[in-house]
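Right, one structure below, let's go through it.
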Amino acid sequence: MWGVFKKEATLQPHLVRYWLNAKIDDPLKFKKQVKYICELHQEAKTLLEQGIHLISTDEMTGIQALERLFPNKRIKPKQVEKIEFEYERHGTLSLIANWDVARGKVVSPSIGPTRTEQDFSEHIQRTIKIDEKAEWIFIVDKLNTHKSESLVKLVAESCGITIDLGRKGKEGILQSMDSRADFLSDESHRIRFVYIPKHTSWLNQIECWF
């Protein structure tokens, strides 16, 4: 009887979906940022024709490396494939992946046991080596590893920027995450980063692939 009622009422009490009530401090600034990122996505193919790669980048952490104890039982007529329930866990891995917006595919992914500042910087370095003379725009969230000292030094070296970068936590470009983000998002640089607003992972296309 309960099953019939659920169907008639289109209720699904056994299912839930997480919801976030995001707090937007500055609605006008937020709208401007979202508009800019959406316009970049729309222009991705034109940018590529100009030699500019638009890349959506993020990490997926805690991926379990599982090995099933017995082989799957293959699909048969009127029977679905059966997967062994028991497994052996071989630790976890972190994936850093790039979504090439214009081409619609993942390029130069990195996978390893950690996702440190150095891991992310090395991932970006490997990515830009695909086309070393081209311009690169990376769409990322505001994670601290995306505003790191290592990343600033990589961009400065790759773009031939020879100014004094200062000292981390003390002065200059390296002083804080905000100062580093300002440098990394400078539109005059051949390699730059565009930071999505907080709680807008839906703006980062790699999330669709994840």
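The numbering of the sequence shown is full-length UniProt numbering, which starts it at 1 and goes up by one.
Positions of the beta carbon are idealized from the N, C-alpha and C atoms, including for glycine.
Checklist line | Continuous alpha helix (DSSP H) assignments of at least 4 residues falling wholly in the stretch 39-64 | finding: Within the stretch 39-64, the complete alpha helix (DSSP H) runs of at least 4 residues are 44-49.
Check: In whole angstroms, what separates the C-alpha of residue 170 from that of residue 156?
Finding: Between residue 170 and residue 156, the C-alpha separation is close to 19 Å.
Next item on the list: Look up residue 18 in the DSSP assignment and say whether it is helix, strand or coil.
Entry: Residue 18 carries a coil assignment under DSSP once its states are collapsed to helix, strand and coil.
Note to self: Closer than 8 Å is the cut-off here; do at least three beta carbon pairs connect the stretch 20-31 with the stretch 63-74?
What the structure shows: Flag = no, the stretch 20-31 and the stretch 63-74 do not touch.
Next item on the list: Under the assumption that residue 166 contacts residue 174 (Cβ atoms under 8 Å), give the Cβ distance between them as a whole number of angstroms.
Entry: That belief holds up - the Cβ atoms of residue 166 and residue 174 are roughly 5 Å apart, short of 8 Å.
Notebook entry, point to check: What are the residues that DSSP puts in a beta bridge with residue 93?
Noted result: Paired residues: 63.
Check: Going by the beta-carbon positions, is the gap between residue 37 and residue 136 smaller than 8 Å?
Finding: With respect to residue 136, residue 37 sits apart: the two C-beta atoms are not nearer than 8 Å.
Note to self: So residue 206 and residue 98 are supposed to be a Cβ contact under 8 Å. How far apart are they, rounded?
What the structure shows: Yes, residue 206 and residue 98 are in contact; Cβ-Cβ is about 7 Å, under 8 Å.
Next item on the list: Alpha carbon to alpha carbon, how far is residue 120 from residue 162? Give it in angstroms, no decimals.
Entry: Residue 162 and residue 120: Cα-Cα distance of roughly 22 Å.
Check: CB-CB under 7 Å to residue 64, same chain, minus the five flanking residues each way: which ones, in chain order?
Finding: The beta carbon of residue 64 sits closer than 7 Å to those of 89, 92, all from its chain and outside the five residues before and after it, given in chain order.
Note to self: Quick check on DSSP: helix, strand or coil for residue 130?
What the structure shows: DSSP places residue 130 in helix when its eight states are reduced to three.
Notebook entry, point to check: Under three-state DSSP, which class holds residue 78?
Noted result: Reduced to three states, the DSSP call for residue 78 is coil.
Next item on the list: Give the DSSP bridge partners of residue 139, in chain order.
Entry: Per DSSP, 56, 194.
Item checked: CB of residue 68 within 8 Å of CB of residue 52, strictly -> No, the Cβ-Cβ distance between residue 68 and residue 52 is not below 8 Å.
Checklist line | Limits of the unbroken beta strand (DSSP E) element including residue 206 | finding: Premise fails: residue 206 lies in the alpha helix (DSSP H), 206-209, not in any beta strand (DSSP E).
Item checked: Spatially closest choice to residue 159 from 142, 106, 189, 30, by CA coordinates -> Residue 189 is the option with its Cα nearest to residue 159.
Margin query: Quick check: residue 113 and residue 96, are their CB atoms within less than 8 Å of each other?
Written below: No, the Cβ-Cβ distance between residue 113 and residue 96 is not below 8 Å.
Next item on the list: Kindly indicate which three-state DSSP category residue 98 falls into: helix, strand or coil?
Entry: Reduced to three states, the DSSP call for residue 98 is strand.
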